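Visitor: Pasting a structure below so you can have a look.
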Amino acid sequence: MNAPISYQLSGFSYQLSAISYQLSAISFQLSVFSYQLSVFSFQFLAIRFQLSGFSDQRSAISDQLLAISFQFLPKG
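Residue numbering for the sequence shown follows numbering that gives the first Met the number 0, starting at 0 and increasing by one per position.
The following block contains the structure:
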């Protein structure tokens with residue numbers, strides 16, 4: 000009579016360990032996803048930084064062109 004109970008308990012223990020393994024795999028996938036999100040966020044910030052630098056360069060070039068065009072204005 001004790002043998003079936005021990006078999007049931009070992010089967011239950013096996014199911015619990017399988018569930019624990021699945022949960023750890025899900026946790027690992029979530030941590031990988033979180034890492035990918037942080038990498039994407041960092042890349043997005045780098046792109047925004049590059050775009051702001053490009054905007055600054057464009058405004059500096061515009062200022063230089065404006066200064067050059069003022070030199071060609073007729074002296075009044």
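Virtual Cβ for every residue (Gly too), placed ideally from N, Cα, C.
This one's a predicted model, so the numbers in the text were calculated from it and none came from an experiment.
If you run the structure through DSSP and keep just helix, strand and coil, what is Phe-32?
Guide: The residue given as residue 32 occupies position 33 in the sequence shown. Phe-32 falls in the helix class under three-state DSSP.
Visitor: Determine the direct distance from the alpha carbon of Gln-56 to that of Ala-45, and round the result to whole angstroms.
Guide: Walking along the sequence shown from the start, residue 45 turns up at place 46. Walking along the sequence shown from the start, residue 56 turns up at place 57. Cα to Cα, Ala-45 sits roughly 16 angstroms from Gln-56.
Visitor: Measure the alpha-carbon distance for Ser-54 versus Arg-47 and round it to whole angstroms.
Guide: Indexing the sequence shown from 1 puts residue 54 at position 55. Indexing the sequence shown from 1 puts residue 47 at position 48. Whole-angstrom Cα-Cα distance: 10 angstroms.
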